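Worksheet: the structure to be examined is printed underneath.
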Amino acid sequence: MLRRIAVFFVAVMLALPICAFVEEFAEAAIAPGYENVLRFATNDEPNTNDPQKTTEYYAVNFQVFDRLVEAVTTGQGQSDLVPGLAESWEISPDGLTYTFHLRKGVKFHNGAEFKAKDVKYTFERMLLPETEAKNQDFIDPIKGAAEMMDGSAKELSGLEIVDDYTIKVTLKEPFGPFLASLATPGVAILNKESTEEAGTDFGLVPEKTIGTGAYIFDKWVLHDEFKVRRNDNYWRGAPELDGISWKVVMDADTMRMMFEAGEIDVFDTDLVPSQISYFTKSEKYADKLVVGNRMGTYYFTFNHDIKPFGDVRVRKAFQMAVDRKGMLDALFDGRGELVHGILPPGLYGYNKALPEIPYDPAKAKALLAEAGYPDGFEMTLTQIADNPSTLARGELFQAMMAEIGVKVTIDQMDEAAWYAVRADGKLPAYSGVWSADFNDPDNFLYTFFAPGNTVRRSFNFKNDALSNRVAAARAIVDPASRVKEYQDLERAIIQDEAAWIPLFTTQHIFVVGDRVEGFKVSWNGWSDGWHYYEGLRIKK
Amino acid sequence: MLQIRNLKTHFFTRGGVAAAVDDVSIRIPPRSIVGVVGESGCGKSVTALSVLQLVSRPGKIVSGSILLDGEELIGKPSKQMRRIRGNKISMIFQEPMTSLNPVYTVGRQVAETMILHRGASKAEAMDRTVEMFRAVGIPAPEKRLKSFPHQLSGGLRQRVMIAMAMACKPSLMIADEPTTALDVTIEAQILHLMKELERDMGTSIMMITHNMGVVAELCDYVYVMYAGKVMEHAGIFDLFDHTKHPYTQGLLNSIPKPSGVRGRLFNIEGMVPSLLRLPKGCRFSPRCEQAVRECFESEPGLYAVSPGHGVRCFLYRDCGDGGEAI
Amino acid sequence: MARYILRRFLISIPVLVGVALILFLLLNVVPGDPVTLMMGEHIKPALIEAFRARMHLDDPVLVRFGRYMLGALRGDFGVSYKLQREVSGLIWQAFPHTVKLTIYSAFVSWIIGIPAGIFSAVKHNTLIDRSLMGFSLMGVSLPIFWAGLLMQYVFASRLGWLPVTGYYSIKYYIMPSVVLGWSSAGTVARLTRSNLLEIMKNDFIRTARAKGLSEPSVVACHALKNAMLPVITVMALQVAGLLGGAVMTESVFGIPGIGRIAVDAITHRDMPLLQGTILFTTAIVIAGNLAADIMYAFLDPRIRVEQANS
Amino acid sequence: MNGAEFDLDQELAQRDDATAAGRLKGMLRNNKVAAFSVLVIALIIAASFAAPLYSPYDPNKPSLSERFAPPSRTHWLGCDDLGRDQLVRLIYGARISIVIGLLPTSLSMLLGAALGMISGYVGGKTDFWIMRLADVVLAFPSLLLAMVVSYTLGGGIVSIFIALSAVSWAGTARVIRAQTMSLKEKEFVLAARSIGVRGGVIIFRHILPNCVPSLIVLFTLNIPGAIMNESSLSFLGVGASPPSTSWGLMIYRYKTYLLSYPWLAIAPGMAILIFVLAFNFLGDGVRDALDPYMKD
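Same order as they appear, the protein sequences are chains S, P, X and D. Just add 835 to wherever you are in the first sequence, counting from 1, and you've got the working numbering. Just add 62 to wherever you are in the second sequence, counting from 1, and you've got the working numbering. Just add 779 to wherever you are in the third sequence, counting from 1, and you've got the working numbering. Just add 46 to wherever you are in the fourth sequence, counting from 1, and you've got the working numbering.
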């Protein structure tokens, strides 16, 4: 008897696939319900769609939530700050007090009306330690923020509800880019009641992730797809699309095949930079490229604590030994522009007049000799493993450094270790790219060269005077003198001190399928953007 | 009934051609038990397998003729040959444990033969199997049908093998050392059974063994083989009473005598020669105590010392040729 | 029989605990702090402290291991660092996809491996033998992700016959199953062949021939059943190999199964998730071995009867 | 004298090919596929280690003007994304693939043989614990374990060595243990023990030599697995330190160009296929020739 059961079991196991095959084969190729849905792909699963708890995954946040102020794309690499959930605002002359007049009649997806208490809740939730939020940087200039973050206060003293539709925000000290930072996706406005009720499910469970945005968070199948659907009651007017979906495709090369097979509508070449030349050179795709300028700068760093990088002559030699044009051509098909400082072209405060850093290996060698290294030396360049495009950059660097006698070893570390070592200020050298969160030089200079940050980013920049000036520049109110101060700092840090090797900024190229019309790249060239604008639609 | 004439079965190996069976002629009359004796490697098993055409590569029947009731078996199409195997000629083997398929019940394995050759239905075949089991003396045959080989003792397993071999009432059963792996008492029972079956069913038996005791007990007629050739053949009484060939004498001396005089069990010096490096002259010459010069130079023929008694030895050259047992 | 199964089952428990312990130690002596990775770069030190406290990351390793095992007994494998959900839920969500892929692939590997093994054993040392074995071994010798990409390129991208990725219906599984199944067909073919060759040397095969059975019947009725017994064991053992291969296959073909989340967990240093997936996979492998033993016992009369008698 | 049936094959086998070496020679004579595989393997190894003697290009020096040059007379397999000659890189990359095939396999064989012999010879608690450890290792899906180990140790070739050794010793240990246990009961070992020869000596003098054929078989059969695992580990981007490369890393890196410059990804894949297939054929041949003990 038992034997029969075993035999039966084997037979069932054999029959199962056949049955499944017959049953499932006759099935439609394109999923129904996606006829009017814009289909993206991403190679990384978001950890959450709670805007306060992520620093990298904003694809859904942009669509589902609104901000008090919005940064809208007005052209390639240009943006304007426009009213969002705040209809208008006044700034006191000392730059310390902001009074926001909130829009009336805006409804959250659950039907609740948007009011001042929601703004207060949003800000306080961000600052409370138990939230474990990650985007506190954007609102920590508010008075009382520090007390909330260290747990000594439960309420934000710098935020005052005047009435249901008016709030008054007081800063600790003036902070020029405050409005711009309110436009970042991390500071999206949440609904007090539904967010409290959702608890830890907020950002994870679609129906509990409530915003005021143009789209409603619809579904999230892990490692497969997440999707938003149209909000018919959107206060700006319902969008034209039925929804937007993101397919999670781990392997970026597979993603490209999916694009060519028509399984996705938009292909983001940032995920596979190796494909840029294929698409830009192909006639088939010539009219399907949507190009945006990236508000970002590629760079190489070196750790000033490690010999011989404490010597400015060595750093200058390195700046001159890198063939940046060659690198841009080889890796990005020449689509970009060299950068000679910190800020990318198009960013607020960009200095066109910055002198060019020449490619001059002979002079670099001479400088090295002058610094006492006529025969070069050995150094280590680190990177996160499993990143072929960074590796290609590193290998070119390796070859270029070999020209001036410097032997470079590339050390591929896993992500966790790399970040941990960097935060300790111990990475010897690495390369990266920084793209603007908001349109202001502060977002660049403060991130890399403020005291503390130069350690956390493994620069260990030794010129304290300059570092302190970077921090102090935040409080300058007058726009003209702010820009001047940042430009001076940029020149001093990069051209005089040679604190890093600026490389270039690149275009961000999307390839857009036949169905899509009017696709735009967001102003800062991010992969994630706010897909609510005139003209974006799917051809019928 | 079965006549093997000048059979040559050779093995084509990397080291050369080995004549495992070299010009062997054997006759098995109806209703008789014929013994084929010799040391291992003398070619007796290959002879048996040749009869069933079951010699596998690199072995090959080179020439000769095997007649079953006047019908030539060599060169028969394999389909027709299969109708003979298990049907007209059946075979049992030395090791009853490994000769039965461990994953099927013994009943099924016996019935299979009848289903195959007699076209019996499964139920009929099973009934017949019970009968056969009873006939070969298996106790509680109905119960034993469902046993697996490993559940039976060696003696019972050999009885099953015999039942399988006799299932289709073949005219010839080849028994290849059927009792070697068994205890002495069981051996006696099995030999007794075979003798009975020969008498009751009229099946001839070709008994392959190295044991002269078995031969004495069972056989009517005996062929003695050495290194691929028949050395002596005679009726059972002639062979024991008028032993001629020195090799046969050696074999007979190896039987423990009841007198209690214990010599060496086998008193032929030396080893069976490799078939790839046969000595020149008589194959037995290097081990023969009576060998003369001639024995090392040329091969003796088969000489007839009396009717039905042939010897391959120069000692008996005077008796004249024609020692073939035909 | 029941006692036999129970004994086998009990032996597998310490193995599982051993796996868990080794894994735990391995993942916890790692340089680099996953917290930095999980919490992002602008994080305030106080938050890191809070997170570490919540996750009990500062306790001694063995205490944490004990806590983990106690939780695991209740089916609680902790919360994924990255995805912020219950690990057990994530695994259950992924498991069916992996099961499907594994079954389909096993099926493919048998379809290729068993006939190839049988024919090459029957035609031992001939051209047929060599080419069939060559074909099966080719699967073993292809890097899975490379073969997967080539197939995607040819059948999806160029010919358009099959979808590039996905898991929504059987046709999405065709390419991944073929790639994965082929990769283990060689093992099945090898085993079938060598077993059959071994069995064909047995005395009972000679008996069967002496009975007058034709060569195909000898192979099919008498040899195959004996030869297939070990192969069945391998089928269950294959589960381990296929689960390993599923890591690659699922990543290439976008199947959100266990292998895929394991790779995700490795690259994101998501220790609870990694630990959960590997522990789970190992449990499946052990269960597979157990099933193999039991199945073997059912199918082989020798073992079956011995067990019944003891 | 016994009644064994005539078995010429066996007789010949014992006479001509009594030693393992003799049987291997016999295999090379009879099994053309295996012989050809040996030739292929030898050629690949020789070509890669002699590469500096004849290579016309530096495998690591980028040449930006020749990026993605298609196969031509000067660059037989074209150039890669940094303009380096693909064939030269393939030949140099073979070294690392070969070393990864051989070294961890040898390490794991040593470890497995040592543990297996100790386990089988000493028995008792030692045996129990070693075998449970082997169970544990065998229960892991090996690729995942290797990934975890190499990720734990950080990238780099040494961690791959350790990872691959750590996952493959257990199978060897099991086979050798079983053999040791049966050898332990053999007369010559019993005799040695009865005159008080120390355990270590017995293991080295009597047991190890008898395990050699199995070790050779296991060795040839394990190499392809190691090479395949290396290529899979490369999927995580860990492995040889740039700019040097291995076949697995080359596939990993160039798979992205499969659609635009297919030769870049196809060549290293073919190289792995050929090399591993050769080892598989050789392994089968060796096992057919030597395997007195192993069934699978």
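Note that CB positions come from ideal geometry on N, CA and C, so glycine has one too. Note that the structure is predicted; figures quoted are calculated from it, not measured.
Query: Same chain, Cβ closer than 6 Å to PHE787/S, five either side skipped, listed in chain order; Result: One cannot answer for residue 787/S here, as it falls past the ends of chain S, which runs 836 to 1375.
Query: TRP871/X (DSSP reduced to helix, strand or coil); Result: helix
Query: Pick from GLN913/S, GLY946/S, ALA1023/S, ASP915/S that is closest to PHE958/S, judged by C-alpha positions; Result: ALA1023/S
Query: Short Cβ contact (7 Å threshold) for ARG938/S with LEU920/S; Result: yes
Query: Given 8 Å, three or more beta-carbon pairs between the segment 1131-1140 of chain S and the segment 1247-1267 of chain S; Result: yes
Query: Rounded separation between LEU156/D and SER196/D - CA only; Result: 20 Å
Query: Where the alpha helix (DSSP H) containing GLY247/P begins and where it ends; Result: Correcting the residue type first, residue 247/P is Thr in the shown sequence and not Gly. Its alpha helix (DSSP H) spans residues 246-263.
Query: Neighbour-count burial assignment, TYR892/S, 16 or more Cβ in a 10 Å radius; Result: buried
Query: Uninterrupted alpha helix (DSSP H) stretches inside the segment 928-998 of chain S (no shorter than 4 residues); Result: 951-962, 980-984
Query: ASP1049/X beta carbon less than 7 Å from that of TYR860/X; Result: yes
Query: Within the segment 926-983 of chain X, ranges of the alpha helix (DSSP H) (whole runs, at least 4 residues); Result: 949-979
Query: Start-to-end residues for the alpha helix (DSSP H) that takes in THR167/P; Result: Note, THR167/P: premise wrong, no alpha helix (DSSP H); not H, not E.
Query: Beta-carbon contacts of ALA1306/S that lie in its chain and below 8 Å, excluding the five residues immediately before and after; Result: TYR1281, ALA1285, PRO1286
Query: Enclosing beta strand (DSSP E) for ASN68/P [first to last residue]; Result: 64-75
Query: Inter-residue Cα distance where the pair is THR908/S and ILE1373/S; Result: 20 Å
Query: Rounded C-alpha distance that separates THR226/D from ILE253/D; Result: 6 Å
Query: Contact list for the segment 1034-1048 of chain X against chain S, Cβ threshold 8 Å; Result: PRO1035, ARG1039, ILE1040, VAL1042, ASP1043, THR1046, HIS1047, ARG1048
Query: Cβ contact (3+ pairs, closer than 8 Å) linking the segment 1361-1373 of chain S and the segment 69-84 of chain P; Result: no
Query: Selection from LYS888/S, GLU1250/S, GLY946/S, ASP975/S that minimises the alpha carbon distance to ASN1068/S; Result: GLY946/S
Query: Euclidean distance between Cα positions of GLY868/S and VAL1056/S; Result: 16 Å
Query: Partner residues on chain X for ALA373/D, Cβ-Cβ distance less than 7 Å; Result: For residue 373/D there is no data in the structure shown, the boundaries of chain D being 47 and 342.
Query: From ALA238/D, ARG251/D, ALA237/D, LEU261/D, residue whose alpha carbon lies closest to that of VAL221/D; Result: LEU261/D
Query: Backbone secondary structure at HIS371/P - three-state DSSP; Result: strand
Query: DSSP state of VAL334/P mapped onto helix, strand, coil; Result: coil
Query: Within-7 Å CB hit, ALA1156/S to chain D; Result: no
Query: Within 7 Å, strictly: CB atoms of MET163/D and ILE248/D; Result: no
Query: Nonlocal neighbours in the same chain, by C-beta distance under 8 Å from LEU975/X, ignoring five residues either side; Result: GLY896, ILE897, ALA900, VAL901, VAL998, ALA1002, LEU1003, ALA1006
Query: Cβ-based contacts, 8 Å cut-off: residues of the segment 1227-1261 of chain S near chain X; Result: MET1248, ASP1249, GLU1250, ALA1251, ALA1252, TRP1253, TYR1254, ALA1255, VAL1256, ALA1258
Query: Partners in chain X for SER290/D, counting only beta-carbon separations shorter than 8 Å; Result: Within chain X, no residue comes near SER290/D; the closest Cβ sits about 19 Å away, beyond 8 Å.
Query: Cβ-based neighbour list, ALA1206/S, same chain, cut-off 8 Å, excluding 5 preceding and 5 following; Result: PRO1143, ASP1146, ARG1148, VAL1149, ALA1152
Query: Interface residues of the segment 963-987 of chain X facing chain P [CB-CB below 8 Å]; Result: ASN981, ASP982, PHE983, ARG985, THR986, ALA987
Query: Identified DSSP bridge partners for SER266/P; Result: LEU234/P
Query: Through-space distance from VAL1346/S to SER1117/S, alpha-carbon basis; Result: 11 Å
Query: Nonlocal neighbours in the same chain, by C-beta distance under 6 Å from GLU859/S, ignoring five residues either side; Result: A caution first: GLU859/S carries a pLDDT of 47, below 50, which makes its placement in the model too unreliable to give a value.
Query: Three-state secondary structure (DSSP) of ASN1303/S; Result: helix
Query: Beta-carbon proximity of THR1019/S to ASP1272/S, cut-off 7 Å; Result: yes
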